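Novice:
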Amino acid sequence: MKGGKELKEEVQDKGFCTLCGLCVGRCPYIKSLEDKIAVVFPCGIEEGKCYAACPRTFTDWDAVEAQVLGSIEGRDPLIGRYAQVWMARGTNSELTRGSQDGGTVTSLINTAIAEGMIEGAVLTSSDDGLTPKAVLATKADEIGKAAGSKYMAATSLQVLHEARRAGMEKLGIVGRPCQVMGVRKYQAVVPEECDRDKTLVIGLFCMWALSFGFRDYVRQEAGGRQVTGVAIPKGELQIKTTDGTISKSVEEAKQFARTACNLCWDVTSELADISVGAAEFAEGWNTLIVRSERGWNLLAKALNSGVLEIRDYPPAMLEELRMAALGKKRRVVAELQRVQSEGTSIVDLNSPRFQVVIEGEVN
Amino acid sequence: MHSVLTMNQPGAQFLMMGNEAITRGALEAGVQFCSSYPGSPSAEILSLLAATAKTCGHYAEWSTNEIVAIEAATAASFAGLRSICIMKQNGANVAADFIMSLGLSGCRGGLVMIFADDPASHSSTNEFDSRNLARWAEIPLLEPGTFQEAKDMTKWAFELSEQTQSPVIIRSVTRICHGRGNVVLGDFLPKKQANKLGQWDKLIALNPLHPFTHQKLARIQEIFETSPFNYYDGPERPELLIITCGTGWFYSREAVSRLGVSDRVGILKLGTTWPLPRKLVKSHLEKCPRVLVVEEVDPFLEQNVMVLAAQEEILVKFFGKASGHIKGPGGPGTGELNPDVVMDGLSEVLGVPRPRRTDVVVDPEKDIDIPARDLTFCAGCPHRASFFAAKNALEIDGRQGVVMGDIGCYTMGGAKAGHFLLSSLFCMGGGIGMASGMGKLEQFGFDQPVLAMAGDSTFFHACLPALVNARWNNSRMLFLILDNEATAMTGFQPHPGTGQTAMGERGVPFSIEGICKAIGADVHIADPYDVADTTEKIYQLIQQPGVKVLILRQTCALVQSRREAKPRVWVEQEICLGDACGCGRFCSRVFGCPACIWDAEAGKARIDEVVCNGCGVCASLCPRGAIKVEGRV
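Protein chains in written order, with my numbering: chain E, 1 to 363; chain U, 364 to 996.
Structure, rendered in structure tokens:
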């Protein structure tokens with residue numbers, strides 16, 4: 001087994017760290033600020049949970065998927081196992097103010113807390129509309145503040161350990177695909193610290209996360225104007241300021257995409273209970289993928305309480321989503337092949353899930 | 364309280380520490396103006412002079428640094444008053460620029476400088492021989508070999524200074540300053556009135572005066588020829604002549620006695636070592652062609668005597684540092700002398716067996732294994748938290764930030780206590796000066812963050828010109844000022860930031876942030892006990908260009924523990940998981956506070972409540988929250 005030393009050598013020093021934040025704050029040795037995580041001191045522990053749970057150390061996707069979604073039929077090689085896909089949006093404008101698209105995540109988390117499914121939620125908030133900040137939210141106003149996409153990578157899973165120390169058992173976690181995998185591995189490695197049956201995982205769609213260099217870029221573009229937020233709808237980068245919105249190409253933002261994201265196979269948070277992303281074809285709506293039984297329960301409660309509404313997902317749009325995922329998966333598999341040929345083992349590329357992409361027989 | 368220093372009982376004998384004897388000598392001489400910057404081993408002298416100032420009617424000040432101290436003392440001399448200025452070896456360097464002129468200008472009222480050297484650097488970062496400065500600056504030099512002489516020489520130095528209108532340097536060493544011996548008290552001389560300075564009263568140091576300095580030295584040499592501080596003890600024509608000064612005299616006597624060679628070896632003890640009393644030394648060289656020179660640190664006396672022998676064409680075989688017979692563990696000219704060092708050299712020169720020590724009985728059965736201890740900060744020291752935060756910030760930043768160190772308690776941060784964080788260590792103020800330069804290396808591809816660290820007393824002592832330089836030349840660096848409200852390393856002397864003077868007057872404390880802001884630096888303040896906040900501030904500031912100052916403000920734990928009751932800190936052993944935690948004994952092994960200990964019996968962490976000063980930082984770092992604090996914080 002391996003520990004903090006190997007986590008530093010095999011993940012951080014190689015630039016593979018996803019900034020999920022899971023390894024931060026569980027022990028006194030791994031610390032984080034902004035978009036950096038460091039193993040500050042050698043801990044001397046030979047078998048580190050940090051290494052075992054890291055989404056960038058070797059991950060047996062098939063095994064983890066079997067643990068989490070083993071009972072779910074309907075496996076899709078591009079967007080994962082799921083039960084159903086819908087268009088969704090929040091109906092309570094009080095709750096969804098500040099949301100990126102339909103406010104679905106905000107509505108779901110509010111429901112989960114109101115219904116007692118969870119005591120608190122690990123979310124990514126922001127004080128300046130730009131810089132992500134991990135929060136442990138327990139009240140509607142805290143959840144509301146965390147609404148809206150944060151494009152820079154947030155190390156928000158560190159809050160998991162805070163929640164555990166605060167005695168919270170039933171926890172909601174909203175995260176990027178890398179964070180979803182981190183949580184799933186953590187649940188397998190230290191089940192006593194993160195019970196799969198008491199945790200609700202809402203995964204976000206993600207093509208890449210940006211480094212903090214993006215913040216400097218945004219501030220520079222804003223000139224002297226106060227930045228209030230950023231949005232990236234349909235190929236456009238919008239920098240919102242107190243003095244109007246500046247429009248740029250999304251390519252401007254993409255130059256700050258973290259290289260570690262080039263190794264991320266997962267676009268739609270394939271191991272979440274529920275996955276949520278934009279529905280780019282319908283303004284004000286989200287794409288919602290229900291995967292697990294817990295996900296079903298939550299969705300049912302949100303619909304019953306009336307804070308969420310859903311519509312059938314247009315099959316053509318689903319195909320578009322799948323193709324977008326395929327494009328990313330193909331690029332990532334090529335990168336994984338390159339990296340693994342240099343001696344790092346992150347996934348088993350011989351698994352059918354990877355082979356199917358490599359061989360190009362996806363439909 | 365200071366009765367031994369002030370009692371008017373000539374002839375009475377007391378056990379006195381060397382620093383007390385020097386103080387008493389100055390008081391007997393009627394000293395009026397006293398200045399110093401604290402440094403070990405001489406720090407007590409000005410403290411004692413300050414404590415007796417009101418009783419005796421003199422003035423004493425802690426100056427901001429040694430060059431200011433000697434300038435101030437010289438001003439008093441200019442006005443005809445007797446003044447003394449005390450400094451350790453490194454302080455003499457700080458004052459050297461002025462002192463180099465002082466030999467040229469001379470003085471008016473008696474002006475005495477105490478240079479306290481620290482051979483083997485017990486409480487210094489380095490060792491060297493300040494006597495070289497006396498020869499370099501052409502100022503007469505005295506070296507006491509006993510505690511009585513420490514007093515008597517100090518008193519006489521004022522007389523000599525006034526008689527010759529030359530400042531006088533007295534060179535002491537740690538064992539004279541901090542050792543104790545019997546001293547017979549003398550009488551008190553009357554104090555003087557300050558002279559009015561007329562338009563043509565000048566005290567200047569210009570080169571046309573140089574020949575007069577040499578004439579003065581020639582006169583002083585004549586006085587030294589018959590000084591009672593120089594004497595010889597031994598056979599009329601010894602087989603070997605030991606020439607020694609300072610502590611070397613005691614050690615030489617002991618070595619001669621223990622080797623049983625007093626009929627073969629004579630000892631010429633010199634108290635006035637520069638300018639050399641040539642006639643006296645020559646008369647002894649002519650009687651003995653084999654000479655062993657015994658002195659602390661450099662072969663200062665040895666080389667002067669060698670030159671004399673060459674000039675006088677006396678054929679002498681010299682033993683000492685050059686021959687390798689007088690040497691510390693690191694070789695000749697390093698480390699401290701002691702009777703064993705002298706015995707080793709003497710027995711080799713004489714070819715007599717070196718007796719085993721019989722006065723110390725070591726029973727190997729009873730020999731205990733004393734574990735080696737790290738150089739570390741006191742329990743609760745804010746510096747430990749500051750270094751811990753800086754280490755965290757630099758590791759998270761990941762660009763291998765370099766930290767330039769300085770002189771103070773925090774120098775120990777260069778060791779394990781500070782996670783080996785300091786990359787450089789020179790003199791007071793040296794760190795920020797280096798950081799100022801290193802912060803300009805970006806154009807050459809140097810892209811590591813640059814930091815400097817210095818304490819509050821050091822800030823006032825030597826950091827201001829370098830900070831101005833850094834700001835003026837727009838260097839990119841972060842200056843961490845570890846403000847613990849004390850000159851802690853040397854014994855909590857006040858400094859401008861405390862507002863209090865040596866004589867106890869309370870004034871308005873200087874604002875370090877105000878000064879830094881006036882210089883134009885971007886100034887921030889953090890409490891190092893708040894490790895998370897301090898870490899984040901350091902991290903944020905090294906991301907930014909320009910000169911940044913972060914004042915890490917928290918009172919020295921020892922000062923604080925004297926002010927109020929310490930909070931109680933303890934480990935709730937029910938909560939602590941011990942080795943099962945996975946923290947790897949973080950509190951005792953990594954954070955390393957001496958109060959954080961391992962309870963081997965319980966297999967849990969424990970707080971040594973006797974040692975603990977109650978800062979509570981460990982409680983904020985324990986991943987289990989097993990450390991509890993009750994009281995302040």
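Note that the Cβ used here is the ideal one computed from N, Cα and C, for glycine as well. These numbers come from a predicted model, not from an experiment.
(1) Just checking, does the stretch 432 to 447 of chain U make contact with the stretch 557 to 573 of chain U on the three C-beta pairs under 8 angstroms criterion?
(2) With a Cβ-Cβ cutoff of 9 angstroms, do E429 (chain U) and M450 (chain U) count as a contact?
(3) With the cut-off set at 9 angstroms, would you say K2 (chain E) and Y51 (chain E) are in Cβ contact?
(4) Going by C-alpha distance, which of U:E899, U:Q674, U:E617 and U:L604 is nearest G683 (chain U)?
(5) For G129 (chain E) and T57 (chain E), which I take to be in contact (beta-carbon distance under 8 angstroms), what is that distance rounded to the nearest angstrom?
(6) Taking C-beta pairs closer than 8 angstroms, name the residues in chain E that Y902 (chain U) reaches, listed in chain order.
(7) Flag this pair as yes or no: are the beta carbons of L69 (chain E) and R353 (chain E) separated by less than 9 angstroms?
(8) By Cβ distance below 7 angstroms, which residues in the same chain neighbour C939 (chain U) in space, the five residues on each side in sequence not counted?
(9) Below 6 angstroms CB to CB, which residues in the same chain sit around A798 (chain U) once its five sequence neighbours on both sides are set aside?
(10) Please classify T18 (chain E) as buried or exposed, where buried requires at least 16 neighbouring CB atoms within 10 angstroms.
(11) By how many angstroms is the C-alpha of V712 (chain U) removed from the C-alpha of I731 (chain U)?
(12) Could you give the C-beta distance for L303 (chain E) and I202 (chain E), rounded to a whole number, given that I count them as a contact under 8 angstroms?
(13) Please list, in chain order, the chain U residues whose beta carbon lies closer than 7 angstroms to that of A38 (chain E).
(14) Does A66 (chain E) pass the burial test, meaning 16 or more other C-beta atoms within 10 Å, or should it be called exposed?
(15) E699 (chain U): buried (16+ other C-beta within 10 angstroms of its C-beta) or exposed?
(16) CB G792 (chain U) to CB H824 (chain U), shorter than 9 angstroms?
(17) At 3 residues or longer, what runs of the beta strand (DSSP E) sit wholly inside the stretch 624 to 655 of chain U?
(18) If you check the beta carbons only, do G4 (chain E) and V159 (chain E) fall under 9 angstroms apart?
(19) Would R1011 (chain U) and T527 (chain U) qualify as a contact pair, given that the criterion is a beta-carbon distance under 9 angstroms?
(20) Could you give the first and the last residue of the continuous beta strand (DSSP E) run that contains E309 (chain E)?
(21) Quick check: what's the CA-CA separation for A1005 (chain U) versus V912 (chain U)?
(22) Can you check whether the C-beta of L984 (chain U) is within less than 9 angstroms of a C-beta belonging to chain E?
(23) Quick one: what's F842 (chain U) bridged to in DSSP?
(24) Going by DSSP, name the residue or residues bridged to H887 (chain U).
(25) Who are V230 (chain E)'s beta bridge partners in DSSP?
(26) Using 8 angstroms for Cβ pairs, my map puts S71 (chain E) next to V180 (chain E). What's the rounded Cβ distance?
(27) Apart from the five residues just before and just after G235 (chain E), which ones in its own chain have a Cβ nearer than 8 angstroms to its Cβ?
(28) Within a Cβ cutoff of 7 angstroms, which residues of the same chain sit near A213 (chain E), ignoring the five residues on either side of it in sequence?
(29) From the DSSP secondary-structure annotation, give me the bridge partner or partners of T245 (chain E).
(30) Given that G988 (chain U) touches chain E, what residues does it touch there, using C-beta distances under 7 angstroms?
(31) Over what stretch of residues does the beta strand (DSSP E) that includes G277 (chain E) continue unbroken?
(32) For G945 (chain U), decide whether its Cβ has a neighbour in chain E, counting only Cβ atoms nearer than 9 angstroms.
(33) Just the C-alpha distance for S983 (chain U) and L904 (chain U), rounded to the nearest angstrom, thanks.
(34) Helix, strand or coil for P530 (chain U)? Go by DSSP, reduced to three states.
(35) Quick check: what's the CA-CA separation for V715 (chain U) versus V660 (chain U)?
(36) Shortest alpha-carbon distance to R543 (chain U) belongs to which of U:I532, U:F510, U:G549 and U:L523?
Specialist: Checking against the coordinates, here is how it stands:
(1) yes
(2) yes
(3) yes
(4) U:L604
(5) With a Cβ gap of about 34 angstroms, G129 (chain E) and T57 (chain E) do not count as contacting.
(6) L33 and E34
(7) no
(8) K967, A968, R987 and A989
(9) M767, V813, A815 and M840
(10) buried
(11) 36 angstroms
(12) Not confirmed; about 16 angstroms, so no contact.
(13) E758, I759 and G761
(14) exposed
(15) buried
(16) yes
(17) 628 to 633 and 635 to 637
(18) no
(19) It is not possible to answer for residue 1011 (chain U), since the shown part of chain U is limited to 364 through 996.
(20) L308 to D312
(21) In the structure displayed, chain U extends from 364 to 996; residue 1005 (chain U) sits before or after that span and is not available.
(22) yes
(23) U:A815 and U:V912
(24) U:L913
(25) E:I239
(26) Not confirmed; about 18 angstroms, so no contact.
(27) S249 and V250
(28) A small correction: the amino acid at residue 213 (chain E) is Gly; Ala does not occupy that position in the sequence shown. F256, listed in sequence order.
(29) E:K240
(30) R165
(31) I274 to A278
(32) yes
(33) 23 angstroms
(34) coil
(35) 25 angstroms
(36) U:F510
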